[in-house]
Amino acid sequence: MKAMSEASDLKTWGSVFDSYKKYKQCDDGATAEGYSASVAYLLADKWQDIGQLLSLSGKSNGFRQFVLKHVDETMSKDQSITISKNIKYHCPIAAKVLCADIRHRFAEFQ
1 MKAMSEASDL KTWGSVFDSY KKYKQCDDGA TAEGYSASVA YLLADKWQDI GQLLSLSGKS
61 NGFRQFVLKH VDETMSKDQS ITISKNIKYH CPIAAKVLCA DIRHRFAEFQ
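Residues in the sequence shown are numbered from 1 upward in steps of one, following full-length UniProt numbering.
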């Protein structure tokens, strides 16, 4: 299945958004774990691209909820620590609400 093969290898928010539009109905099981891996990678290692996430989530509230759903316990401890630091110390003013939403997701599984 194409959705499963690409879900864990998405390296930009644009590619996550495109995959979401094509395959959101496939968001379960191994595909969902793949999306979670991509979201964790982007939030931990590509934080400088948070503006792209903010822009895309403004176009689709469903996409915002999709991303937040994939902020979950499948991420590594190192990713969790890095993302927590990013939302605490490096959140752009324009993304304060998004950062708060991510922080709330962390509270649900930590």
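Note that beta-carbon positions come from the ideal geometry of N, C-alpha and C, so glycine has one too.
Here the structure is a predicted model, which means the values were calculated and not measured.
Can you have a look at residue i and say buried or exposed, based on whether 16 or more other CB atoms are within 10 angstroms of its CB?
i: F109; result: exposed
i: I102; result: buried
i: S76; result: exposed
i: A107; result: exposed
i: A94; result: exposed
So, for residue i: in the same chain, excluding its five sequence neighbours on each side, which residues have a beta-carbon less than 6 Å away from its beta-carbon?
i: R105; result: L68 and V71
Is there a C-beta anywhere in chain D that falls below 8 Å from the one on residue i?
i: P92; result: In summary, chain D is missing from the structure at hand, where a single protein chain is found.
Looking only at its own chain, which residues have a Cβ that is under 7 Å from the Cβ of residue i, when we skip the five neighbours before and after it?
i: Y35; result: A7, D27 and H70
i: F63; result: F17, Y20, L56 and S57
i: C99; result: I87 and C91
i: T82; result: A44
Using only CA atoms, which one of the options lies nearest to residue i?
i: A3; options: A95, L10, T31 and G14; result: T31
Q.
For a minimum of 4 consecutive residues, which ranges assigned as the alpha helix (DSSP H) are wholly contained in the stretch 13 to 93?
A. 13 to 23, 29 to 45, 50 to 59, 61 to 69 and 77 to 89
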